[in-house]
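Following: one structure in structure tokens, then a few remarks.
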Amino acid sequence: MAGHRPFRRLVAKTMSSEAQRRAHWLASRDLARMELAELREALKLTQAELAKKLKISQVAVSRLERRPDMHVSSLRQLIEAMGGRLEITAIFDGQTVRLTHLGELRKHAAR
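Going left to right, the sequence shown walks through residues 3 to 113 as the working numbering numbers them.
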């Protein structure tokens, strides 16, 4: 293809190191803020395919994706059905603490 150049070379010639770092940071931030529906679409999954994995209806998946708030266990199941792993962290004065076992289904019910 005439005039074809590798993207990395084009970026290196046209963007300063600072601009490249900022672009990378912005892209990472946008990925971190991705909505559940956008995440599912990025993974090339349809609502119907995800519903089948979760053993729920497509309508239920649609409702889950639109919810502004949900149980951690529901979010964990959704993420795992998409092939991911949910991790929740809390940050205190620069210290990061990973919260474990939130939203996991208990193997033995409390008696």
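For every residue, glycine included, the Cβ atom is placed at its ideal position computed from N, Cα and C.
Buried or exposed by the 16-neighbour rule on C-beta atoms within 10 Å, applied to residue i
i   : result
L52 : buried
V99 : exposed
R78 : buried
Helix, strand or coil at residue i according to DSSP, with G and I counted as helix
i    : result
T48  : coil
R69  : coil
T16  : helix
Q22  : helix
L104 : coil
I90  : strand
P8   : coil
Cβ-Cβ distance between residue i and residue j below 8 angstroms
i    : j   : result
L101 : L80 : no
R42  : M72 : no
L38  : V74 : no
Any contact between the segment 58–65 and the segment 18–27? By contact I mean 3 or more CB pairs, one from each, below 8 angstroms. no
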